[in-house]
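Accompanying notes for the structure given below.
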Amino acid sequence: MGGSYPCGSCKLLRRRCAKDCIFAPYFPSDDPHKFAIVHKVFGSSNVSKMLQELPIHQRADAVSSLVYEANARVRDPVYGCVGAISHLQNQVSQLQMQLAVAQAEILCIQMHQDPTLPTHQIDSDNKSLLLLHNNHNNLPQHLNFTSPSNVIQDPLKRESLWT
């Protein structure tokens, strides 16, 4: 990799690619955007220091992480990956709530069709509890849905990620 053809980093930095270039195995010359975005966010000196401090077998994973974080930082300069994680956690929370409501509706339909079922049911993972009272239409009287404590409801409240 190093030597006659410059790697993606040496090509971008317009320098001669040494035989022992630390970037050459991870930033090929045919993908110059990969190093360009990492260089823009972290700087080549910092990336070089990070790679030198890692064992060789961990460097490829570190480069993948740096590229991912750099792309996230370009899209969202303030929150980066944390913003993406927060957004995904909110989606998971909303989908869990929709699932619990659908399960409650299914139970109501089943209760309406078969009045011999028990008057309360806890789902298999104990995340929702449905209490039914024996009224004329078997409507649920109380729904208690718990959500994971680390789900961020407001993307600006990041501190719950670290607790």
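Numbered by UniProt numbering, the letters in the sequence shown go through residues 1 to 163 in order.
We put the beta carbon where it would ideally sit given N, CA and C, even for glycine.
Open item on the list: The alpha helix (DSSP H) that contains residue 178, what's its start and end?
Closed with: Residue coverage of the chain in this structure runs from 1 to 163, which leaves residue 178 outside it and unanswerable.
TODO: Starting from Lys34, follow the alpha helix (DSSP H) in both directions and report where the run begins and ends.
DONE: 32 to 42
TODO: For Arg59, collect the residues of the same chain with a Cβ closer than 6 Å to its Cβ; drop the 5 residues on either side in sequence, then sort them by chain order.
DONE: Counting only Cβ-Cβ distances below 6 Å, and skipping sequence neighbours, we find Leu51.
- [ ] Going by CA-CA distance only, name the one from Ser44, Cys7, Ala18 that's closest to Tyr26.
- [x] For the options Ser44, Cys7, Ala18, the alpha carbon positioned closest to that of Tyr26 is the one of Cys7.
Task: N-terminal and C-terminal residue of the alpha helix (DSSP H) that Ile22 is part of - done: Note, Ile22: premise wrong, no alpha helix (DSSP H); not H, not E.
Task: Residue span of the alpha helix (DSSP H) that contains Tyr68, given as start and end - done: 56 to 75
Open item on the list: Less than 8 Å between C-beta atoms, sequence neighbours within five positions excluded: which residues of the same chain meet that for Gly80?
Closed with: Glu69, Ala72, Arg73
Open item on the list: Can you look up Cys10 in the DSSP assignment and give me helix, strand or coil?
Closed with: helix
Task: Backbone CA spacing between Ile56 and Leu88 [nearest angstrom] - done: 32 Å
Open item on the list: Please identify the residue among Gln98, Pro28, Cys21 whose C-alpha is closest to the C-alpha of Ser45.
Closed with: Cys21
Open item on the list: Going by DSSP in three states, Ser29 sits in which element: helix, strand or coil?
Closed with: coil
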